[in-house]
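What follows is a set of notes on a single structure, which appears directly below.
Number of protein chains: 2
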Amino acid sequence: METILKVEGMTCGHCKAAVMKAVEGVSGTNNIIVSLENKEVTFNTSNAETVEKVKEAIEDQGYDIV
Amino acid sequence: METILKVEGMTCGHCKAAVMKAVEGVSGTNNIIVSLENKEVTFNTSNAETVEKVKEAIEDQGYDIV
Chain A
1 METILKVEGM
11 TCGHCKAAVM
21 KAVEGVSGTN
31 NIIVSLENKE
41 VTFNTSNAET
51 VEKVKEAIED
61 QGYDIV
Chain B
1 METILKVEGM
11 TCGHCKAAVM
21 KAVEGVSGTN
31 NIIVSLENKE
41 VTFNTSNAET
51 VEKVKEAIED
61 QGYDIV
């Protein structure tokens, strides 16, 4: 299942890397793409619970899911 | 000797941390303050050569000294 999350607050390459690392840190995610321009994160996962964990991991880094 | 460098390109806390780390990495620097709002780095050093090394270290992180 492809999931696209809109993420507010990423301003630079360091932010992009921090969000990438957050998503990678949640088991069950793959094909992760972080776009600064589009302010979004795209990834594949097999279940909805993983999506919720990803949202939390991104928010824990100080970014907002919108 | 207090030195103030104007730094362009810092957008977030990660940038601030990267610049702080760059200045800390040059021996002979102390009392380092990085200000995102003022777009500047302040530090003390005893010689001009150290200032040049600090400029290079910051530029190596992808920021411009103006």
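Taken in sequence, the protein lines are chains A and B. For the first sequence, UniProt numbering gives the first residue as 1, with consecutive numbering after it. For the second sequence, UniProt numbering gives the first residue as 1, with consecutive numbering after it. Don't be surprised by glycine CBs; every beta carbon is placed ideally from N, CA and C. From a predicted model like this one, the values you see are computed outputs, not experimental measurements.
- The contact set of A/Ala18 on chain B, defined by CB atoms closer than 8 Å, consists of His14 in chain order.
- Rounded to the nearest angstrom, the gap between the Cα atoms of B/Val41 and A/Glu49 is 44 Å.
- Rounded to whole angstroms, the separation of the alpha carbons of B/Lys6 and A/Gly28 is 44 Å.
- Inclusion of A/Lys39 and A/Glu59 in the CB contact set at 8 Å is not warranted, their separation being larger than that value.
- For A/Thr11, at least one C-beta of chain B is nearer than 8 Å to its own C-beta.
- Beyond the five residues adjoining it in sequence on each side, A/Ile4 comes within less than 7 Å, by CB distance, of Glu40 and Thr42 in the same chain, given in chain order.
- With a contact defined as Cβ atoms closer than 8 Å, A/Asn31 and A/Asn44 qualify at about 5 Å.
- Residue pairing by DSSP places B/Ile4 opposite B/Thr42 in a beta bridge.
- Restricting attention to beta strand (DSSP E) runs no shorter than 3 residues, the segment 15-62 of chain A encloses them at 30-35 and 40-44, ordered along the chain.
- For the options B/Ser35, B/Val54 and B/Cys15, the alpha carbon positioned closest to that of B/Gly25 is the one of B/Val54.
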